[in-house]
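Peer 1: Submitted below is the structure of interest, expressed as structure tokens.
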Amino acid sequence: MPACLAVFVHPDDERFTQYIGKTITTPLGIKVPILADDKVKMDKGTGVVMCCSYGDEVDVYRVQKHNLSEKIVINRYGKMQDCGVPEIEGMKISEAREKIMELFEAQGLVVKRDPITQAKQISERGKVPVEILPVKQRFVNLLDKKDILL
Numbered sequence: 004m005p006a007c008l009a010v011f012v013h014p015d016d017e018r019f020t021q022y023i024g025k026t027i028t029t030p031l032g033i034k035v036p037i038l039a040d041d042k043v044k045m046d047k048g049t050g051v052v053m054c055c056s057y058g059d060e061v062d063v064y065r066v067q068k069h070n071l072s073e074k075i076v077i078n079r080y081g082k083m084q085d086c087g088v089p090e091i092e093g094m095k096i097s098e099a100r101e102k103i104m105e106l107f108e109a110q111g112l113v114v115k116r117d118p119i120t121q122a123k124q125i126s127e128r129g130k131v132p133v134e135i136l137p138v139k140q141r142f143v144n145l146l147d148k149k150d151i152l153l
């Protein structure tokens, strides 16, 4: 949630059309726009979808489609950085998730906590959830040197 860039609703969902184009404040105090996207499923959950820079492939698609600026809140060491939430700054991702729930509970925002099943990539070696991070990569063309190297 600290990387939230926008909240999406379906453009034909009459419950929310009057809010499209307005701004909402997330429970973490971050102001984000309410935007329309026809891929939002009106009948799934509340029909409102939060979008983060690199939450999953759908988020990446929406960021590009709606020309949103990225917000990178996880550093290469798996810790929270520049997230706009001082209480979780520098924490590991798993610690930050728990702290966010504590903050929500303290604000009386949690109605119930149910375990859910999510499709999430797990790293082969570390057996931990994969977090998508934009990083520069370098490529070295060796094919034109293969005769020399072999």
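Residues in the sequence shown are numbered consecutively from 4, following my numbering. C-beta atoms are modelled at their ideal positions from N, C-alpha and C, and glycine is treated no differently.
1. Extract the residue ranges of the beta strand (DSSP E) inside the region 25–87, only unbroken runs of 3 or more that lie entirely within it.
2. So the alpha helix (DSSP H) A99 belongs to, where does it begin and stop?
3. Would you mind working out which of G111, L145, P132 sits nearest Q121, comparing C-alpha positions?
4. Compute the Euclidean distance between the alpha carbons of A9 and D147, then round it to the nearest angstrom.
5. Buried or exposed, going by whether 16 or more other CB atoms sit within 10 Å of the CB of C38?
6. Compute the Euclidean distance between the alpha carbons of N144 and Y64, then round it to the nearest angstrom.
7. Note down the Cα distance separating A6 from G111, rounded to an integer number of angstroms.
8. Is it the case that the Cβ atoms of G50 and V12 are separated by a distance below 8 Å?
9. Just curious, the alpha helix (DSSP H) that L152 is in, first and last residue?
10. If you measure from the beta carbon of P118 to each beta carbon in chain C, is any gap under 8 Å?
11. Express the C-alpha separation of K149 and K74 in angstroms, rounding to a whole number.
12. If you draw a straight line from the C-alpha of E105 to the C-alpha of Q21, how long is it?
13. Please report the Cβ distance between I77 and E134, rounded to the nearest whole angstrom; I am assuming they are in contact, meaning their Cβ atoms lie under 8 Å.
14. Under a three-way DSSP split, which group does L8 fall into?
Peer 2: For this structure:
1. Qualifying beta strand (DSSP E) stretches, in chain order: 26–28, 34–39, 51–55.
2. Looking at the DSSP string, the run of the alpha helix (DSSP H) that includes A99 is 96–109.
3. Nearest of G111, L145, P132 to Q121, Cα basis: P132.
4. Cα-Cα distance, rounded: 46 Å.
5. Correcting the residue identity first, residue 38 is Leu in this sequence and not Cys. Burial call: buried.
6. If I take the Cα positions, the gap works out to 30 Å.
7. Those two C-alpha atoms are separated by around 22 Å.
8. Yes. Within cutoff.
9. Taken as a continuous stretch (DSSP letters only), the alpha helix (DSSP H) holding L152 covers 149–152.
10. This model lacks chain C altogether; it includes just one protein chain.
11. In a straight line, the C-alpha of K74 is about 41 Å away from that of K149.
12. If I take the Cα positions, the gap works out to 32 Å.
13. Yes, they are in contact, since the Cβ atoms of I77 and E134 sit about 6 Å apart, within 8 Å.
14. In the structure shown, L8 adopts extended strand secondary structure according to DSSP, grouped into three states.
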